[in-house]
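A.B. asks:
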Ligand SMILES: [Zn+2]
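This is how it looks when you write it as structure tokens:
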């Protein structure tokens, strides 16, 4: 009840912060942090305490004066995932608190670890420090830790200019007219489509140009679940189609049929774009659609 | 060692929100109750446990003295810890042999501020507090280190809440069904309720104890041990200090019928059962424990009071009480009580 006059807000705060002296041991650690180094202190028994304490917590003995640079990388031993960070937390997006065994240390440093989600972390995950821009000698000079780099994403993009000459040009000019051109090898007695200049089997020049029908039979197919700008929808089907009279199947899209109804042996026919929209491109054929004829037994 | 017994215990009907009572108004009824039970108006020694950060005011424990009869001047002390440690100090004071009675109380209102933030202030100011490491976060780190099965944790919460429903001083809280994480792996139902409350205990030495109660709960062993404050220097999955304190107090010298454990989170109960070597024959937290009501700075003292109550009412002959302080069960005090 904010309007209740008997309720008051009360704040406990030290304006400007509370000044504390550090002493030589903690002071050394914080001074090293300012130089972006993490040090531990060696105990009489030889263990390295990180962060350094004045006394060995196991024995109560004062520690030695030997400081050892540790890390900067370490291994998570335990972590807890904070889905809703508080104002005072080091990160304002979901993160983990973790105990981190820095390389060369015998105790664990407690700090925040940035990760996309808790599944990205585990006991054993290697982490590296991310430093604040301007270290001042404070535990928060270590902004947080982040998992070791184990993969990168590199962008790849190169542009090319392609030109259809030779047989492809002749084939595409046929497609512009609404005709599929193939070629026959006299020696191998095989009809290839699209049109080609040489037989891939015997190497002979292929003189005969044939017009092939735009009907055929699906020999095999694949259901694709990734979108493609040329595809009718997702999932879409790409198939090998053996055009009637050809000996080598040609790859094309299948449309006008649910993906799960496509089958080997199915009879299909090209669906052409209207004549007014045609170009010298395979885009002239939207896809192949079932004809409704009985399936063909494949050899 | 002098024989000292618990002869009276009282606690408030705890609340989940601030009722507006000042601290001395909160503790006055429980002190009046133990005075009435024992017939004592003055005590040889008085010791209290509380935390000024809960109220956000310095020396708030001094103004709480208004709940006592503090004039003419009394012999009085205070620990900035749970009232269980005030009881330890009073027990030590009675060992001097010149006094025969002591009043102990603990109190806290954790509803006034954000307990998660306030408990950050108890962390070391160099390495942990500046990170804003909060209470649920460090408890969750310990829960992750224990790595207990969810089913076992839920069962502890369910049992504690069911027992709490049978305790008129504790809360009626729902069974765990909430899948939401507080700080993963701690679920919101693993978190103890925000609680305001107080408790008082009267200790009496030797013959006086027998005159003040028909069944005094004799303190047969009491010990506390601590571990490094910094969490990275400990094995969080275990409590070496609770085990040491339990051995020193003599927990294993006889069967334990009832154990009241200051386990604020279900994984802490697992750690403590192992540290104190409590088997299936021991009834754990029949009061519901801190998961059913958690008045900070009184919850540990209440464990001692609840363990004593089983002896006072004749339902148990040997009980153990445990109190904890500091982050992740850093400090542990174990008391063995016998009829
Ligand atoms: Zn008066």
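Residue numbers (the working numbering), protein chains in the order written: chain H, 1 to 299; chain U, 1001 to 1339. Heads up, the beta-carbon is just placed ideally off N, CA and C, and yes, glycines get one too.
1. Give the straight-line distance between the Cα atoms of residue 302(H) and residue 146(H), rounded to the nearest whole angstrom.
2. Which residues in chain H have a C-beta closer than 8 angstroms to the C-beta of residue 1120(U)? List them in chain order.
3. Considering only the alpha carbon of each residue, which of 1264(U), 1277(U) and 1315(U) lies closest to residue 1293(U)?
4. Please specify which runs of the beta strand (DSSP E), each continuous and at least 3 residues long, are wholly inside the stretch 190-274 of chain H, giving them in chain order.
5. If we ignore side chains and look at the alpha-carbon of each, how far apart do residue 1025(U) and residue 1301(U) end up?
6. Measure the C-alpha to C-alpha separation of residue 1101(U) and residue 1313(U) and round it to an integer number of angstroms.
7. For residue 1041(U), which residues of its own chain have a beta-carbon under 8 angstroms away from its beta-carbon, when the five flanking residues on both sides are left out?
8. Short check: CB of residue 1334(U) to CB of residue 1237(U), under 8 angstroms?
9. Buried or exposed: residue 35(H), going by 16 or more other Cβ atoms within 10 Å of its Cβ?
10. Which residues of the stretch 35-54 of chain H have a Cβ closer than 9 angstroms to any Cβ of chain U? Give them in chain order.
11. Establish whether the CB of residue 1320(U) and some CB of chain H are separated by less than 8 angstroms.
12. How is residue 1196(U) classed by DSSP in three states: helix, strand or coil?
13. Kindly say whether residue 1181(U), judged by its beta-carbon, lies nearer than 8 angstroms to any beta-carbon of chain H.
14. Using 8 angstroms for Cβ pairs, my map puts residue 1192(U) next to residue 1291(U). What's the rounded Cβ distance?
15. Identify every residue that forms a DSSP beta bridge with residue 1226(U).
16. Do you know offhand how far residue 1306(U)'s Cα is from residue 72(H)'s?
17. Identify every run of the beta strand (DSSP E) within the stretch 88-136 of chain H, keeping only runs that are complete inside it and at least 3 residues long; order them along the chain.
18. Can you pull the chain H neighbours of residue 1117(U), defined as C-beta to C-beta under 8 angstroms?
19. For residue 281(H), I'd like the list of residues in its chain whose CB is within less than 6 angstroms of its CB, leaving aside the five on either flank, ordered along the chain.
20. How many Å lie between residue 170(H) and residue 238(H) at the Cα?
21. Let's test the definition: count the other Cβ atoms within 10 Å of the Cβ of residue 1287(U) and tell me whether it reaches 16, buried, or not, exposed.
22. Would you call the stretch 1275-1284 of chain U and the stretch 1178-1195 of chain U touching, i.e. three or more CB-CB distances under 8 angstroms?
23. Under 8 angstroms, Cβ to Cβ, is there at least one residue of chain U near residue 81(H)?
24. From the DSSP output, read off the bridge partner residues of residue 75(H).
25. Could you check which residue in 1299(U), 1275(U) and 1145(U) has the C-alpha nearest to that of residue 1250(U)?
26. Between which two residues does the alpha helix (DSSP H) containing residue 1027(U) stretch?
27. Starting from the beta carbon of residue 28(H), find every residue of chain B whose beta carbon is closer than 7 angstroms, and list them in chain order.
28. Taking three-plus beta-carbon pairs below 8 angstroms as touching, is the stretch 1200-1213 of chain U in contact with the stretch 1004-1015 of chain U?
29. For residue 31(H), which residues from the same chain have a beta carbon less than 8 angstroms from its beta carbon, with the 5 sequence-adjacent residues on both sides left out?
30. Closer than 8 angstroms, CB to CB, is residue 1050(U) near chain H or not?
31. What's the C-alpha gap between residue 193(H) and residue 233(H)?
32. With 7 angstroms as the limit, tell me which residues of the stretch 132-163 of chain H have their beta carbon closer than that to any beta carbon of chain U; keep them in chain order.
33. With a Cβ-Cβ cutoff of 8 angstroms, do residue 191(H) and residue 245(H) count as a contact?
34. Comparing C-alpha positions only, which one of 104(H), 115(H), 259(H) and 98(H) sits nearest to residue 236(H)?
35. Among the candidates 6(H), 290(H) and 33(H), whose CA atom is the shortest distance from the CA of residue 1020(U)?
36. When you compare the CB of residue 274(H) with every CB in chain U, is at least one pair closer than 8 angstroms?
C.D. replies: On the basis of the coordinates in this document:
1. This structure cannot speak to residue 302(H), because chain H is shown only from 1 to 299.
2. 88
3. 1264(U)
4. 190-192, 208-212, 215-224, 236-243, 250-254 and 267-272
5. 19 angstroms
6. 21 angstroms
7. 1035 and 1069
8. no
9. exposed
10. 49, 50, 51 and 53
11. no
12. strand
13. yes
14. 5 angstroms
15. 1331(U)
16. 50 angstroms
17. 95-102, 109-114 and 126-131
18. 86 and 88
19. none
20. 24 angstroms
21. buried
22. no
23. yes
24. 101(H) and 126(H)
25. 1275(U)
26. 1023-1038
27. Included in the structure are the protein chains H and U, with no chain B among them.
28. yes
29. 137
30. no
31. 27 angstroms
32. 138, 139 and 140
33. yes
34. 259(H)
35. 6(H)
36. no
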